[in-house]
Amino acid sequence: MVPVLLDLITTAAILYIVSSGLLLVFGVMKLINFAHGGLMTLGGYAAVIATAMGLNPWIGIPLAAIFGGIVGLGMERVVVRSLYNRPLDAILATWGLSIIIGQIITLVFDRGVHFAEPPIRGVISVLGEPYSTYRLILTALALLLGLGLTAALRGTSLGLSTRAVIMNEDLARGLGINSGLVRSITFTLGSGLAAVAGALITPLSSVDPNMGVAWLISAFMLVLVSGSSLFSLAVASVVLGGAQVVVSNYFGSVLGGMTIAVLAAVILRIRPQGFSYE
Amino acid sequence: MSNANVNELGSSSLQRPQVRPLTRMMIVASIALIGVGAAPFFMDAYSVNVLVRSMIYAAIALSVDILWGYLGVLTFGQSAFFAVGAYATALVFTYGGFSAEYAFAALLIGIAVAVALAGLVAFLAFWHGASALYASVITLVLPIIVTQLLFSGGTYTGSSSGLTGFDTIPLSSEAWFWAVGVWLVVLTTVAWMYTRSDAGRLLTAIRENEQRCKYLGLNTSNIKAVIFLICAAIGAIAGWMYANYTMVVAPEIAGFTFGTELLIWVALGGRGTLFGPVIGTIIIDYASAHLQGDFPFVWKLAIGIVFVSVIVALPRGILPLVSNAANWLRGRIGIAQPQQYSQLQLRQASRSGRNIIGVESRGPALVVSGVEKRFGSLEVLSGIDFEATYGEIVSLVGPNGAGKTTLMTCIADGSKRSGGTISIAGHDIAHRPPEECVRLGVGRKFQMANVFDSLTVGECLQIARARLDPLSKWQKSGVCNLPPSAMHVVRATGLHSDLNVPAQVLSHGKKQALELAMVLALEPKVVLLDEPTAGLTKAERTLIGTILTELARTEQLCILLVEHDLDFVREISSRVIVLHQGRIVLNGSVDEVVNSELVKSVYAGSGH
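Same order as they appear, the protein sequences are chains A and B.
One gets our numbering by counting positions in the first sequence from 1 and adding 54 to each.
One gets our numbering by counting positions in the second sequence from 1 and adding 192 to each.
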């Protein structure tokens with residue numbers, strides 16, 4: 055029972071880390087960034103580069119943030135900016151960007167699976183059961199991330215501007231908030247978070263040019279049922295991630311693999327606003 | 193009716209264009225068929241092989257184009273139906289062996305399963321209130337589920353390596369080329385005829401403005417579902433051909449990645465053009481087969497870059513660019529043909545029996561009793577009680593935020609109110625959606641002119657009549673039957689000379705008039721008009737006022753009007769209802785209201 059419970063908590067935490075960047079972009083810009091998966095892949099390769107250069111594996115994470123941030127800023131400037139009024143086209147264009155990222159990675163590296171040194175190995179004992187230290191660290195990181203993002207949104211003037219843009223962009227612009235800048239920063243931050251998530255999951259998942267795609271779908275579903283609230287996302291991660299762990303454990307990984315997608319679709323059918331309470 | 197003896201309008205006397213589009217399409221299709229027949233004799237075996245597959249892909253791309261380009265449903269899941277058709281075939285042949293009967297049975301099974309699956313998807317994705325994004329999400333979940341099911345089939349479905357080594361229809365590559373080529377040409381021709389027919393224009397209308405379609409009495413969810421089912425069947429047939437031809441199926445063909453690849457082909461070719469996606473798919477897949485061997489990653493990278501550029505800079509795809517260039521060239525060398533509009537005739541509709549007010553149903557046209565509307569704890573309407581009879585023009589007045597438009601919405605959409613009952617011509621609207629309220633006799637005109645911008649005026653009117661006069665599914669009928677009331681509006685406002693003009697280039701006043709004519713084309717009993725004169729000139733306002741009073745008298749319509757212009761209200765109303773803070777504060781004759789101290793204080797902002 056204890057391992058299942060720990061799996062449940064840590065899976066929810068991982069899903070939260072993976073989805074928060076996408077949620078930020080969806081909340082502020084009202085568009086779905088399908089390059090999220092590609093950016094995660096990029097982050098995974100940042101960890102691979104850190105390993106190849108013989109650096110401390112933890113260095114891979116800020117490296118991923120830098121890669122993701124720069125690429126995200128470029129994508130927002132060149133492509134995403136012109137698609138604000140065409141949300142469905144934005145999905146397609148960002149998917150195209152994801153293809154471009156994947157192909158460039160394939161050209162630089164190759165199609166094969168790569169390996170990144172995990173920052174921490176081994177297990178510690180939780181209530182008498184040995185459990186992966188790294189997954190527990192990820193859980194702590196997810197908590198820090200959630201608290202940090204919430205604090206940034208509540209406590210800084212940029213956060214205030216961002217919340218204003220989330221609530222009513224036209225009004226915010228009328229009040230002199232530079233919503234274009236808010237969008238730019240949000241997309242950069244969201245992309246950076248995606249890449250960091252990609253680097254963080256390298257010890258759990260193989261690193262190859264398509265590693266982001268499977269995560270993208272889960273993150274997309276979680277964001278849709280969460281609306282634009284970081285708290286709803288936490289609830290959604292626990293409920294849907296938990297369901298995935300339970301289903302995988304008792305009914306096999308094949309059914310587990312579609313749990314999040316199916317549950318999210320059903321939840322949205324019954325309650326279009328999902329887990330958000332507005 | 194002054195124009196009762198005029199039963200035809202429009203320029204029927206104009207000569208027809210020299211080559212009719214239908215004839216031209218038949219010529220194009222014949223040339224394509226000859227091309228399909230001759231091609232294998234001029235190509236190497238490898239190209240023939242590749243092109244068969246490319247043409248199968250082109251057929252599914254065509255179905256994606258109908259869904260996305262015409263209907264506006266961005267689908268990621270068409271690959272799933274393709275896989276259903278392919279796997280049905282592979283499973284039947286693997287476990288039953290090949291025979292002609294089994295091949296036929298496999299086709300039917302594939303179509304049946306795909307259509308059943310599509311029905312489930314449509315039930316989830318298309319319902320009153322579902323957003324476009326939600327429909328896309330459902331189509332995204334579909335390939336994930338189908339892929340997982342194929343994996344979970346273990347050795348039975350071949351899991352991740354798929355099925356291979358089964359016997360299929362023994363045809364040579366050339367024979368497959370001819371079979372698939374003919375099918376593709378026929379499919380494209382039929383799709384072309386359908387999409388440019390009157391019924392096909394309805395798909396565009398739904399894409400542009402689904403809400404307006406619902407308020408025209410059309411069950412858009414059903415229409416979308418039917419088209420989705422047909423496209424699923426096309427996908428399954430293509431899958432059947434694919435399995436028969438390639439003799440191998442793998443779970444990748446069901447996947448989300450293949451589903452998005454279809455979208456890429458359609459986007460590059462030109463969504464909403466049919467020919468663009470077909471030609472685009474064939475060119476891209478054929479080129480991929482030749483280039484992928486030498487430059488696999490660079491080729492895919494190039495496709496990605498071109499795709500992103502096209503989405504950003506050329507949302508209509510590459511084909512429109514080519515045809516524009518061709519037109520420009522034709523103009524330069526002097527063989528330009530004048531832009532041809534198909535001509536449309538307006539005819540007087542013979543009264544359709546369904547909406548005539550029978551003598552027996554002479555009660556009030558509209559009864560509103562105890563209607564409430566709350567948003568959470570905020571009460572927008574409370575205790576609204578009133579009646580209106582046929583031939584009456586009732587004006588709803590009150591300051592901004594009094595709940596006038598909300599009340600209109602509650603009458604036109606049964607699911608909106610929080611309490612109370614509303615009946616139209618003696619029928620309780622219960623919780624019916626807008627399209628069923630239209631059936632009971634409600635016609636609603638919105639505050640902002642709400643028409644189909646990319647359709648012509650004539651097409652807008654045809655769509656408005658679609659509920660009563662079924663649209664032709666295979667041609668442009670060139671005829672639109674309008675009831676006298678709508679005909680009167682069209683004539684009086686001069687719209688009859690704009691029938692072939694896209695609605696988006698109309699002046700604001702004419703747009704308002706067009707929407708009014710569309711609402712009247714529904715042959716309603718109760719007409720809800722939300723500020724029909726907002727932004728009109730004095731002359732236009734007077735004209736609309738005259739038309740409305742005439743309609744109420746001659747057609748015995750019950751007209752409910754929201755208006756801010758009290759002079760206009762005074763001129764045309766038979767009765768005035770004053771709303772303030774969600775309650776009726778006065779319900780009386782024009783004089784009573786105009787002289788009321790209460791109304792003055794309400795408008796001055798002080799009163800309770």
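Glycine is no exception: its CB is placed at the ideal position from the N, C-alpha and C atoms.
This one's a predicted model, so the numbers in the text were calculated from it and none came from an experiment.
Rounded to whole angstroms, what is the Cα-Cα separation between B:Glu-584 and B:Gly-575? 22 Å
Other residues of its chain near A:Gly-75: CB distance less than 6 Å, five sequence neighbours each side excluded: Gly-244, Leu-247 and Ala-248
First and last residue of the beta strand (DSSP E) that includes A:Ser-179? 177-180
Please classify B:Lys-792 as buried or exposed, where buried requires at least 16 neighbouring CB atoms within 10 angstroms. exposed
Proximity test, Cβ basis, 8 Å: B:Ser-344 and chain A: yes
How do the region 148-155 of chain A and the region 170-180 of chain A stand: do at least 3 beta-carbon pairs fall below 8 Å, yes or no? no
Bridge partner(s) assigned by DSSP for A:Tyr-185: A:Ile-178
With C-beta atoms as the reference, is B:Phe-285 less than 8 Å away from B:Ala-297? no
Report the rounded CA-to-CA distance for B:Val-458 versus B:Ile-510, giving the unit in angstroms. 10 Å
Relative to the alpha-carbon of B:Val-768, which residue among B:Val-782, B:Thr-685 and B:Asp-759 has its alpha-carbon at the smallest distance? B:Val-782
In angstroms with no decimal places, state the Cα-to-Cα distance between B:Gln-270 and B:Ala-446. Using only the alpha carbons, I get a separation of about 8 Å.
Suppose you measure from the CA of B:Arg-208 to the CA of B:Leu-536; what does that come to, to the nearest Å? Note that B:Arg-208 has pLDDT 45, beneath the 50 cutoff, so the model's placement of it is unreliable and the number below is only indicative. Each residue's alpha carbon lies about 12 Å from the other.
Return the chain-ordered ranges of every alpha helix (DSSP H) run that is complete within the region 216-248 of chain A and spans a minimum of 4 residues. 223-228
As a quick exercise: from B:Val-240, B:Glu-747, B:Trp-319 and B:Leu-483, pick the residue whose alpha carbon is nearest that of A:Arg-323. Of B:Val-240, B:Glu-747, B:Trp-319 and B:Leu-483, the smallest CA-CA separation from A:Arg-323 is found for B:Trp-319.
Taking only beta-carbon positions, decide if B:Ile-549 is within less than 8 Å of chain A. Because the pLDDT of B:Ile-549 is 47, which lies under 50, any placement of that residue in the model is unreliable, and the question is left without a value.
DSSP beta-bridge partners for B:Lys-416? Per DSSP, none; premise fails for B:Lys-416.
Counting only C-beta atoms, is B:Ser-239 closer than 8 Å to chain A at any point? no
Verify the CB distance criterion: does A:Leu-76 have a CB-CB separation below 8 Å to chain B? It does not; no Cβ of chain B falls within 8 Å.
Would the region 238-252 of chain B and the region 396-407 of chain B be scored as touching if the rule is three or more Cβ pairs under 8 Å? no
Assess, as a yes-or-no matter, whether the region 85-100 of chain A is touched by the region 195-213 of chain A under the definition of 3 or more beta carbon pairs within less than 8 Å. no
Pop quiz: B:Thr-498 and B:Leu-460 are said to be a contact at Cβ under 8 Å. What is the actual Cβ separation, rounded to whole angstroms? It should be pointed out that residue 498 of chain B corresponds to Val in this sequence rather than to Thr. With a Cβ gap of about 7 Å, B:Val-498 and B:Leu-460 count as contacting.
On the three-state DSSP scale, how would you describe B:Glu-564? strand
Segments of 3+ residues assigned as beta strand (DSSP E) that fall wholly inside the region 732-770 of chain B: 750-754
Taking the CB atoms as reference points, tell me whether B:Ala-705 and B:Leu-687 lie closer together than 8 Å. Cβ distance < 8 Å, so B:Ala-705 and B:Leu-687 count as in contact.
For B:Val-440 and B:Trp-432, I'd like the C-alpha separation in whole angstroms. 11 Å
Report yes or no: do three or more beta-carbon pairs, one from the region 478-493 of chain B and one from the region 157-166 of chain A, lie closer than 8 Å? Yes, the region 478-493 of chain B is in contact with the region 157-166 of chain A.
Members of the region 117-143 of chain A near chain B, C-beta cut-off 8 Å: Val-133, Ser-136, Leu-137, Arg-140, Pro-141, Leu-142 and Asp-143
Mapping DSSP to helix, strand and coil, what is B:Pro-556? coil
In chain order, what residues of the same chain have a beta carbon less than 7 Å from the beta carbon of A:Gly-200, not counting five sequence neighbours either side? Tyr-70, Leu-284 and Ala-288.
Report the rounded CA-to-CA distance for A:Gly-310 versus A:Gln-298, giving the unit in angstroms. A:Gly-310 and A:Gln-298: Cα-Cα distance of roughly 5 Å.
List the residues of chain A whose Cβ lies closer than 7 Å to the Cβ of B:Thr-452, in chain order. Trp-149
For B:Val-228, which option in B:Trp-368, B:Tyr-294 and B:Gly-462 has the closest C-alpha, if you only look at C-alpha atoms? Out of B:Trp-368, B:Tyr-294 and B:Gly-462, B:Trp-368 has the C-alpha closest to the C-alpha of B:Val-228.
For A:Gly-213 and A:Gly-295, the rounded distance between their alpha carbons: 28 Å
Assuming B:Glu-707 is part of the alpha helix (DSSP H), what are its boundary residues? 700-713
With A:Asn-264 and A:Val-58 assumed to form a contact (beta carbons below 8 Å), what rounded beta-carbon distance in angstroms separates them? Taking the Cβ atoms as the reference, A:Asn-264 lies roughly 29 Å from A:Val-58, outside the contact range of under 8 Å.
Should the region 266-279 of chain A be called in touch with the region 92-102 of chain A, which here means at least 3 C-beta pairs below 8 Å? Two segments are said to touch when three or more pairs of C-beta atoms, one from each, lie closer than 8 Å; by this definition the region 266-279 of chain A touches the region 92-102 of chain A.
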